[in-house]
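Residues in the sequence shown are numbered from 22 upward in steps of one, following the working numbering.
Backbone N, C-alpha and C fix where the C-beta goes; we use that ideal spot for every residue, glycine too.
Contents: one structure, followed by commentary.
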Amino acid sequence: MKIVVLLGPPGSGKGTLAASLSEHLRLAVFVIGDALRAAIDAGSKLGLKVKSAVEAGRLVDDETILALAREFLRTHPEGVLLDGFPRTIRQAEGLRSLLSAEDDLHVIYLDASEETVTSRLSSRRVCPGCGEIYNMRFRPPKNDGVCDNCGVTLIRRKDDTEEVIRERYRVYLRETAPLVDYFADGLIRVDGNLSGDKALESVRGELCPA
Ligand SMILES: [Zn+2]
22 MKIVVLLGPP GSGKGTLAAS LSEHLRLAVF VIGDALRAAI DAGSKLGLKV
72 KSAVEAGRLV DDETILALAR EFLRTHPEGV LLDGFPRTIR QAEGLRSLLS
122 AEDDLHVIYL DASEETVTSR LSSRRVCPGC GEIYNMRFRP PKNDGVCDNC
172 GVTLIRRKDD TEEVIRERYR VYLRETAPLV DYFADGLIRV DGNLSGDKAL
222 ESVRGELCPA
């Protein structure tokens, strides 16, 4: 099966690329945050472990994350796109151990500097009405500060402040950036400064040879 891993710092455009690629390649997307919430909602044994970690403010351990990924791979044999997993070298080793020789692994690295992601995320605004996401620099609403769809005043999310963004970037550098070397062989590097369309264009050719 085809397995595509998306690597890159928060704000590098992984979510946008995941959405367009999954449609294009017809792959199911594994978003770690969604998987954790779904496990909690399902109330399974794993879900209870996730819940207690989240409630205690701890990171969910690699073993639990891997178990969720394993289940997703098992239930989506058509191929998957992984967004936000693996996040550590241990998780990457775990992922490799789940794959067999016939599996076709691709790793896309969205390369974006701290300055790029800080400026992008700190100018992000969200519509509390419909959830539409804007960027005051790159994709502003037509009318100042209100949503194009529903006219509601846009807000900035609590975790989109510069301080929080820089801290998340530091965590990324420490825990996740080493995966770029780990997957160096055959890594597809994409300029994280590109727009969503251009980023899709640049990986499409490599993922779907004619
Ligand atoms: Zn709206």
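Nearest Cα to THR182 within the set PHE159, ALA198, ARG95 and SER140: SER140.
For LEU142, the CB contacts under 8 Å within the same chain, skipping 5 residues up- and downstream, are PRO31, GLY32, ASP181 and ILE186 in chain order.
As far as DSSP is concerned, HIS97 takes part in no beta bridge.
Rounded to the nearest angstrom, the gap between the Cα atoms of GLU114 and ASN170 is 44 Å. In the three-state reduction of the DSSP assignment, LEU28 falls in the strand class, which pools E and B.
In the structure shown, LYS163 falls within a coil segment according to DSSP collapsed to helix, strand and coil.
Counting only the Cα atoms, ASN164 lies some 45 Å from GLU92.
Counting C-beta pairs closer than 8 Å gives three or more between the region 207-227 and the region 127-136, which meets the contact rule. Sixteen is the threshold: since fewer than 16 other Cβ atoms of the shown chains lie within 10 Å of the Cβ of VAL173, the residue is exposed. Within 6 Å of the C-beta of VAL173 there is at least one heavy atom belonging to ligand 1. Judged by beta-carbon spacing, LEU221 lies beyond the 7 Å limit of SER65, meaning their Cβ atoms are not closer than that value. Distance from the CA of ALA74 to the CA of ILE86, rounded to the nearest whole angstrom, comes to 12 Å. When secondary structure is reduced to three states using DSSP, VAL81 falls in the coil class, being assigned neither helix nor strand. The Cβ neighbour count for PHE51, taken over all protein chains shown within 10 Å, is at least 16; the residue is labelled buried.
Within 10 angstroms of the beta-carbon of LEU194 lie fewer than 16 other beta-carbons, which makes it exposed. The C-beta of ARG158 has fewer than 16 other C-beta atoms within 10 Å across all chains shown, which makes the residue exposed. Distances from the CB of GLY150 to the heavy atoms of ligand 1 include at least one below 6 Å.
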